[in-house]
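Residue numbers (my numbering), protein chains in the order written: chain Y, 5 to 196; chain D, 5 to 22.
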Amino acid sequence: GAMMAPDSLIKHPLQNRWALWFFKNDRNKEWTANLKLITAFDTVEDFWALYNHVQKASKLPSGCDYSLFKDGVQPMWEDERNKDGGRWLINLNKNQRMTDLDNFWLETLLCLIGESFEEYSEDICGAVVNIRNKGDKLSLWTKEAGRPDAILKIGRKLKERLSIPAKIQIGFQSHRDTMTKTGSTAKDRFRV
Amino acid sequence: GTKIFYDRHFLLKCRNSP
């Protein structure tokens, strides 16, 4: 038979195993009942098989979320590896759903599975995209809100990879602040 | 220990491999 180059035979292993979650807002159900684990993967090829198969974020009904987290970490503040952490939050305006959302989400996924945050990749827990009528949100979750150098490096790298211009700032909020916030949003601990 | 990194170019190239 034809000789296949070995590179195309083996699947390329990822540093981490990742799980994709889906949340659909069904008000007459418990919050956690609306959160579903789709599947987990640990190779490049299995990532693409999943990504190419599921609905694009921009096509999800309002109220839905996708979350990609390291396997074993649940996409919620309460999880052991999230509770001391926080998130870089990117608020999208309404027209960005058609222009940027899918690109931003895919680029974020490539950063996660490719371990693009170098020595700070271990601080990464996962990422979430929230589809909302009032404006979609993309966030990158880290496990420790008290590590400024890791958080700032991760935030700058995220902006660079998403080609977000310098003049547009993004903020980092600790989950604890978000949980106990009085106003509409928690105050930013960091901005880049 | 050794770390497995992939840059976006490589990952995108793998998108449509069989």
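The C-beta atom is built at its ideal place from N, Cα and C for all residues, glycine as well. Note that this is a predicted model, so its numbers are computed, not measured.
For the segment 43 to 61 of chain Y, the beta-carbon criterion of a distance under 7 Å to any beta-carbon of chain D is satisfied by V48, E49 and W52. Secondary-structure assignment with DSSP links Y70(Y) through a beta bridge to F26(Y) and V133(Y). For F45(Y), the enclosing beta strand (DSSP E) covers residues L39 to T47. Between the segment 153 to 168 of chain Y and the segment 36 to 55 of chain Y, the count of Cβ pairs shorter than 8 Å is below three; the stretches do not touch. Exclusion of the five residues before and after L142(Y) leaves I94, F108 and V133 as the residues of its chain whose Cβ lies within less than 6 Å of its Cβ. Taken atom to atom, the span from the alpha-carbon of M183(Y) to that of S21(D) is near 43 Å. At a cut-off of 4 residues, the continuous stretches assigned as alpha helix (DSSP H) that sit fully inside the segment 92 to 159 of chain Y are 106 to 117. Here the alpha carbon of D106(Y) sits roughly 14 Å from the alpha carbon of R165(Y). The Cβ neighbour count for H13(D), taken over all protein chains shown within 10 Å, is under 16; the residue is labelled exposed. Residue-level contact by beta carbon fails for P65(Y) and chain D, as no gap is shorter than 8 Å. Judged by DSSP secondary structure, F176(Y) falls within the beta strand (DSSP E) whose first and last residues are G175 to S178.
An exposed status is given to Q173(Y), since fewer than 16 other beta-carbon atoms sit within 10 Å of its beta-carbon. For N32(Y), the three-state secondary structure derived from DSSP is coil.
When secondary structure is reduced to three states using DSSP, N20(D) falls in the helix class.
Burial of A149(Y) is indicated by the presence of at least 16 other C-beta atoms within 10 angstroms of its C-beta. A distance below 8 Å between beta-carbons, with the five flanking residues on each side excluded, links Y55(Y) to the following residues of its chain, in chain order: L110 and L113. Pairing N29(Y) with V77(Y), the inter-Cα distance amounts to about 21 Å.
In the structure shown, R12(D) adopts helical secondary structure according to DSSP, grouped into three states. If you draw a 10 Å sphere on the C-beta of Q177(Y), you find 16 or more other C-beta atoms in it, and that means buried.
Put simply, the CB of E119(Y) is near chain D, with a gap under 8 Å to one of its CB atoms.
Taking 8 Å as the cut-off, the Cβ atoms of I117(Y) and F51(Y) count as close.
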